[in-house]
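Written out below as C-alpha cells is the structure these notes cover.
2 protein chains.
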Amino acid sequence: MPVPDLTNGPVRPSELDPAIAARLRRNPDGLVAAVVREDSTGDVLMMAWMDDEALHRTLTTGRATYWSRSRGEYWVKGATSGHHQYVRAVSLDCDGDTVLVTVEQVGAACHTGTHTCFTADLPVTRADRGASA
Amino acid sequence: MPVPDLTNGPVRPSELDPAIAARLRRNPDGLVAAVVREDSTGDVLMMAWMDDEALHRTLTTGRATYWSRSRGEYWVKGATSGHHQYVRAVSLDCDGDTVLVTVEQVGAACHTGTHTCFTADLPVTRADRGASA
Numbered sequence: 001m002p003v004p005d006l007t008n009g010p011v012r013p014s015e016l017d018p019a020i021a022a023r024l025r026r027n028p029d030g031l032v033a034a035v036v037r038e039d040s041t042g043d044v045l046m047m048a049w050m051d052d053e054a055l056h057r058t059l060t061t062g063r064a065t066y067w068s069r070s071r072g073e074y075w076v077k078g079a080t081s082g083h084h085q086y087v088r089a090v091s092l093d094c095d096g097d098t099v100l101v102t103v104e105q106v107g108a109a110c111h112t113g114t115h116t117c118f119t120a121d122l123p124v125t126r127a128d129r130g131a132s133a
Numbered sequence: 001m002p003v004p005d006l007t008n009g010p011v012r013p014s015e016l017d018p019a020i021a022a023r024l025r026r027n028p029d030g031l032v033a034a035v036v037r038e039d040s041t042g043d044v045l046m047m048a049w050m051d052d053e054a055l056h057r058t059l060t061t062g063r064a065t066y067w068s069r070s071r072g073e074y075w076v077k078g079a080t081s082g083h084h085q086y087v088r089a090v091s092l093d094c095d096g097d098t099v100l101v102t103v104e105q106v107g108a109a110c111h112t113g114t115h116t117c118f119t120a121d122l123p124v125t126r127a128d129r130g131a132s133a
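Residue numbers (my numbering), protein chains in the order written: chain E, 1 to 133; chain V, 1 to 133.
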C-alpha cells in the first residue's frame with residue numbers, strides 16, 4: 001500500500017499566532033486532530049478537526065471551535081445544540097498533528113445525545129494481564 | 001477550500017470480524033484514528049492510527065497495535081521500546097472513524113520519554129467561565 005504523505009498540509013489564512021502555527025503539522029486537508037476531554041471527569045468525549053483558524057478561535061474565544069469536514073465550515077460546538085464546550089486547556093502533542101482540548105461540557109457531547117461519542121464497546125478477546133499479572 | 005471526501009477509504013485484507021469492519025468509516029488511507037487513554041489515571045496518552053488488521057490485532061492479542069504511516073508497517077507499541085500497552089477496552093465512536101483504546105501503559109507512552117505526548121500547553125487567552133460563572 002502507499003505510504004501517505006506526511007508533509008505539512010496547506011495553511012489557510014488565520015489570525016493564529018505564527019509561533020504556534022509554525023509548530024503544527026497539518027494533514028493534507030490542512031487540519032490537525034482535536035481530542036476532546038471533559039475537565040471534571042477526564043472522560044474522552046469526542047474527536048474532531050481544526051485548521052489554524054479554528055485553533056485560534058478556540059484559544060481566544062473560550063469556546064471549542066472546529067472545522068466541519070462535512071459542511072466545509074467553522075463549527076462552534078453548542079452554537080445550535082446549546083451543548084457548549086468551555087475551553088479550560090489546550091495542549092499540542094509531540095509531533096504537532098493533534099491537540100488535546102480540555103473542556104467544561106454542557107449537556108451531551110455527542111450529536112446522538114450521549115455523554116461521549118465512544119459508546120460502542122468492541123470485544124477484547126485476549127486481555128494480556130501485563131504488569132498486573 | 002475543497003471539502004475532503006468523507007466516503008469510506010480502502011479496506012486492506014484483514015482477519016477483523018466483518019461485523020466490526022462494516023461499522024468502520026476509514027479515511028482515504030484506509031485508517032481510523034486511535035485515541036489512547038491510560039486506564040489507571042484517565043490520562044490521554046497519544047493519538048495513532050489503525051487499519052482493520054491493526055484493530056484486529058489490538059482486540060485479539062491484548063497489545064495495542066497501530067499502523068505506522070511513516071514506516072508503512074504494523075507497529076506493536078513497546079516492541080522495541082519495552083513501553084508496552086496492555087489493552088483493557090476499545091470503544092468505537094458514533095461515526096465509526098475513531099476508536100478509544102484504554103490501556104495499561106508500561107513506562108512512557110511518548111517516544112520523547114514523557115508520560116503522554118500532550119506536553120506542550122498552548123495559551124488559552126480567554127476562558128469563558130461557562131456554567132461555573
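The C-beta atom is built at its ideal place from N, Cα and C for all residues, glycine as well.
Residue of the options minimising C-alpha distance to residue i
{"i": "Arg126 of chain V", "options": "E:Arg71, E:Thr61, E:His111 and E:Asp95", "result": "E:Thr61"}
{"i": "Val87 of chain E", "options": "V:His115, V:Leu24, V:Ser40 and V:Asp128", "result": "V:Asp128"}
{"i": "Gly72 of chain V", "options": "V:Thr119, V:Met50 and V:His111", "result": "V:Met50"}
{"i": "Met46 of chain V", "options": "V:Ala109, V:Arg57 and V:Asp121", "result": "V:Ala109"}
{"i": "His111 of chain V", "options": "V:Arg23, V:Ala79 and V:Arg26", "result": "V:Ala79"}
{"i": "Arg57 of chain E", "options": "E:Ser70, E:Gly96 and E:Gln85", "result": "E:Gln85"}
{"i": "Gly107 of chain V", "options": "V:Val99, V:Val101, V:Thr116 and V:Leu100", "result": "V:Thr116"}
{"i": "Pro18 of chain V", "options": "V:Pro28, V:Leu55 and V:Val76", "result": "V:Leu55"}
{"i": "Val44 of chain E", "options": "E:Val103, E:Gly96 and E:Val124", "result": "E:Val103"}
{"i": "Ala64 of chain V", "options": "V:Thr41, V:Leu100 and V:Thr119", "result": "V:Leu100"}
{"i": "Ser81 of chain E", "options": "E:Ala33, E:Thr114, E:Ala21 and E:Thr98", "result": "E:Thr114"}
{"i": "Thr119 of chain V", "options": "E:Asn27, E:Gln105, E:Ser91 and E:His83", "result": "E:Ser91"}
{"i": "His83 of chain V", "options": "V:Ser68, V:Gln105 and V:Asp95", "result": "V:Gln105"}
{"i": "Ser14 of chain E", "options": "E:Tyr74, E:Ser40 and E:Ala89", "result": "E:Tyr74"}
{"i": "Ala190 of chain V", "options": "E:Lys77, E:Asp95 and E:Tyr66", "result": "Here chain V comprises residues numbered 1 to 133, so residue 190 of chain V is not present and cannot be evaluated."}
{"i": "Asn27 of chain V", "options": "V:Pro123, V:Val76, V:Leu59 and V:Asn8", "result": "V:Asn8"}
{"i": "Leu59 of chain V", "options": "V:Gly42, V:Thr41, V:Ala21 and V:Arg25", "result": "V:Ala21"}
{"i": "Val32 of chain V", "options": "V:Gly42, V:Ser68 and V:Ala89", "result": "V:Ser68"}
{"i": "Ala89 of chain V", "options": "E:Lys77, E:Val124 and E:Val11", "result": "E:Val124"}
Within-8 Å CB hit, residue i to chain V
{"i": "His111 of chain E", "result": "yes"}
{"i": "Ser91 of chain E", "result": "yes"}
{"i": "Thr119 of chain E", "result": "yes"}
{"i": "Thr65 of chain E", "result": "no"}
{"i": "Gly9 of chain E", "result": "no"}
{"i": "Gly107 of chain E", "result": "no"}
{"i": "Ala127 of chain E", "result": "yes"}
{"i": "Arg25 of chain E", "result": "no"}
{"i": "Pro13 of chain E", "result": "no"}
Buried versus exposed, by CB contacts within 10 Å (16 or more), residue i
{"i": "Asp93 of chain V", "result": "buried"}
{"i": "Asp52 of chain E", "result": "buried"}
{"i": "Arg37 of chain V", "result": "buried"}
{"i": "Val3 of chain V", "result": "Any reading at Val3 of chain V must be qualified, since the residue scores a pLDDT of 49, below 50, and its modelled position is unreliable; the value itself is stated next. The residue is exposed, with fewer than 16 neighbouring Cβ atoms inside 10 Å."}
{"i": "Gly30 of chain E", "result": "buried"}
{"i": "Leu16 of chain V", "result": "buried"}
{"i": "Asp136 of chain E", "result": "The requested residue 136 of chain E does not occur in the structure, where chain E is confined to residues 1 to 133."}
{"i": "Arg23 of chain E", "result": "exposed"}
{"i": "Ser70 of chain E", "result": "exposed"}
{"i": "Thr98 of chain V", "result": "buried"}
{"i": "Met1 of chain V", "result": "Confidence at Met1 of chain V is low in this model, with a pLDDT of 44, below 50, so the placement of that residue should be treated as unreliable; the coordinate-derived value is given next. It counts as exposed."}
Beta-ladder partner(s) of residue i, from DSSP
{"i": "Ala120 of chain V", "result": "E:Leu92"}
CB contact below 8 Å: residue i versus chain E
{"i": "Met47 of chain V", "result": "yes"}
{"i": "Ala19 of chain V", "result": "no"}
{"i": "Pro76 of chain V", "result": "Here residue 76 of chain V turns out to be Val, not Pro, going by the sequence shown. Not closer than 8 Å to any Cβ of chain E, the Cβ of Val76 of chain V fails to qualify, so no."}
{"i": "Pro123 of chain V", "result": "yes"}
{"i": "Ala54 of chain V", "result": "no"}
{"i": "Ala79 of chain V", "result": "no"}
{"i": "Gly82 of chain V", "result": "no"}
{"i": "Arg57 of chain V", "result": "no"}
{"i": "Ala22 of chain V", "result": "no"}
Contact with chain A by residue i, beta-carbon distance below 8 Å
{"i": "Gln85 of chain V", "result": "Protein chains E and V are contained in the structure displayed, whereas chain A is not."}
So within the segment 26-103 of chain V, which uninterrupted alpha helix (DSSP H) runs reach at least 4 residues, ignoring any that extend past its ends? 52-61
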